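Worksheet: one structure, shown below.
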Amino acid sequence: MPELPEVETVKRILQKNILNKTILDIEVRYDKIIQNQSKDDFINKLKNQTFIDLKRRGKYLICVLTDYYLIVHLRMEGKFFYMHNEPYSIHDHIIFKFDNSELRYNDTRKFGTMHLIDKNIDIYNTYPLNKLGKEPYDEGFDYLYLKPLFNKSNKPIKTTLLDQSIIAGLGNIYVDEVLFMSNIHPLEKTKNLNDENIKSIVSNSIIVLNKAINLGGTTIKSFQSSHDITGRFQNELLVHTKYKCPTCNTKILKIKVGGRGTYYCENCQKITSIDK
DNA sequence: CAGGTCTCCTGCTAGC
DNA sequence: TGCTAGCAGGAGACCT
89 MPELPEVETV
99 KRILQKNILN
109 KTILDIEVRY
119 DKIIQNQSKD
129 DFINKLKNQT
139 FIDLKRRGKY
149 LICVLTDYYL
159 IVHLRMEGKF
169 FYMHNEPYSI
179 HDHIIFKFDN
189 SELRYNDTRK
199 FGTMHLIDKN
209 IDIYNTYPLN
219 KLGKEPYDEG
229 FDYLYLKPLF
239 NKSNKPIKTT
249 LLDQSIIAGL
259 GNIYVDEVLF
269 MSNIHPLEKT
279 KNLNDENIKS
289 IVSNSIIVLN
299 KAINLGGTTI
309 KSFQSSHDIT
319 GRFQNELLVH
329 TKYKCPTCNT
339 KILKIKVGGR
349 GTYYCENCQK
359 ITSIDK
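Taking the working numbering, the leading residue of the first sequence gets 89, the next gets one more, and so forth.
Right, dumping it as structure tokens:
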């Protein structure tokens with residue numbers, strides 16, 4: 089499940105493979121991936137476009153083309169494969185054909201999305217990027233940014249940290265890690281966090297993401313950034329999918345928070361505050 | 001407006 | 001062994 093570090097890894101790998109390559113043809117085998125155009129418009133616009141640059145915003149990958157931005161969200165299982173003549177997979181849904189190679193968008197669960205936007209539009213102020221909050225790497229991602237947003241939320245902190253309009257880029261795995269490192273219970277009501285808690289979340293978000301990016305992201309079940317590159321961060325996970333707490337050896341509990349599988353240590357992560 | 005639930009989709013697994 | 005019901009999950013849609 090690609091989160092910010094995985095998308096960053098994909099971006100870096102694609103930069104090596106597809107930069108300056110021109111799309112000669114496109115094959116769309118499953119068109120629900122395409123969000124804001126008809127399949128025909130999508131194909132016509134992308135023909136003869138060159139990949140000029142690749143960027144990332146939160147969990148979105150931004151392909152900068154000659155005249156357009158192609159904004160991709162990999163959701164659960166989206167992957168890009170840079171291929172030559174290898175046989176196709178039934179999960180290859182969109183194929184960008186270059187001179188003697190191609191880029192294949194492969195997505196087992198078909199949850200991924202692609203938005204094609206004109207280059208003269210300010211994409212950061214346009215859907216879907218306009219609804220993203222700051223990401224942990226942004227200037228101004230600090231206690232003063234989070235405090236007022238947290239103060240008005242009655243949701244569990246786990247749910248809040250997954251809200252991309254508040255923090256862009258954290259997903260299920262990394263939120264569990266951040267909460268563990270910060271000694272905060274996932275069900276703690278967001279508005280009840282104290283200043284110390286918020287500062288912990290700020291610093292631990294950056295620490296966890298940095299470490300994950302340096303290790304190429306996490307490989308859990310199906311995510312891989314390209315054929316033979318596998319993230320190594322899963323070896324460093326502290327609570328997510330773990331059985332014993334690395335700090336106190338207590339059994340890790342698995343619960344559901346907002347429908348998401350959530351791991352935590354009941355000894356290290358206690359609900360401390362009462363309602364204001 | 002905030003918060004809850006349903007939906008998309010497929011591979012995997014528990015249970016019979 | 002083979003089948004099926006149930007589950008996982010990011011984020012938008014829809015409802016209260």
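Just so you know, even glycine gets a beta-carbon here, dropped at the ideal spot from N, CA and C.
These numbers come from a predicted model, not from an experiment.
Measuring straight from C-alpha to C-alpha, what distance separates Thr138 and Leu204? 14 Å
Quick one: grab the DSSP three-state call for Ile178. coil
Span separating the alpha-carbon of Thr152 from that of Ile140: The sequence shown places Val at residue 152, not Thr. In a straight line, the C-alpha of Val152 is about 5 Å away from that of Ile140.
List the DSSP bridge partners of His396. Any answer about residue 396 is impossible in this case: the structure gives the chain only from 89 up to 364.
Answer yes or no: do Ile111 and Phe186 have a C-beta to C-beta separation smaller than 9 Å? yes
Determine the DSSP secondary structure at Ile121, reduced to helix, strand or coil. helix
Same chain, Cβ closer than 8 Å to Val345, neighbours up to 5 away in sequence not counted: Pro244, Lys246, Thr247, Pro274, Leu275
Could you tell me the alpha carbon to alpha carbon distance between Thr350 and Asn260, rounded to whole angstroms? 8 Å
Please classify Lys147: is it buried, with 16 or more other beta-carbons within 10 angstroms of its beta-carbon, or exposed? buried
Outcome for Thr154 when other beta-carbon atoms lying within 10 angstroms are tallied against a minimum of 16: exposed
Taking the alpha helix (DSSP H) that Thr84 belongs to, which residues open and close that run? Since the displayed the chain opens at 89 and closes at 364, residue 84 lies outside it and no answer follows.
Using beta-carbon positions only, say whether Leu191 and Leu102 come within less than 9 Å of one another. yes
If you count every other CB in all the chains shown that lies within 10 Å of the CB of Asp264, and 16 or more means buried, which is it? buried
Whole angstroms are fine: how far does the CA of Tyr193 sit from the CA of Ser310? A caution first: Ser310 carries a pLDDT of 40, below 50, which makes its placement in the model unreliable, though a value can still be read off. Computed Cα separation, rounded: 14 Å.
On the DSSP letters alone, give me the boundaries of the beta strand (DSSP E) that Thr350 sits inside. 348 to 353
Can you tell me whether Gly304 is buried or exposed? The criterion is at least 16 other CB atoms within 10 Å of its CB, across all chains shown. buried
Here's a check: name, in chain order, each residue in its chain whose Cβ is nearer than 6 Å to the Cβ of Leu267, leaving out the five neighbours to either side. Pro274
Cutting at 7 Å between CB atoms, please list the residues of its own chain near Glu96, excluding the five before and the five after it. Arg144, Ile301
Taking DSSP's pairing of strands, which residues face Gly166 in a bridge? Asp195
Going by DSSP, name the residue or residues bridged to Met171. Glu190
Taking DSSP's pairing of strands, which residues face Thr138 in a bridge? Thr110
My understanding is that Glu115 touches Leu258, with C-beta atoms under 8 Å, so please give their C-beta distance in whole angstroms. Going by Cβ atoms, the distance from Glu115 to Leu258 rounds to 34 Å, so no, they are not a contact pair.
Of all the alpha helix (DSSP H) runs that stay within the bounds of the segment 218 to 276, which reach a length of 4 or more residues? 231 to 239, 245 to 250, 260 to 269
Assuming Ser241 and Lys279 form a contact by the criterion Cβ under 8 Å, report the distance between their Cβ atoms to the nearest whole angstrom. 6 Å
The alpha helix (DSSP H) that contains Ile289, what's its start and end? 283 to 302
Which term fits Ile286, buried or exposed, when burial requires 16 or more other beta carbons within 10 angstroms of its beta carbon? buried
On the DSSP bridge assignment, give the partners of Tyr156 in chain order. Asp206
How should Leu232 be labelled, buried or exposed, when 16 other C-beta atoms within 10 angstroms of its C-beta is the threshold for buried? exposed
Have a look at the DSSP bridge pairing and note the partners of Ile340. Cys353
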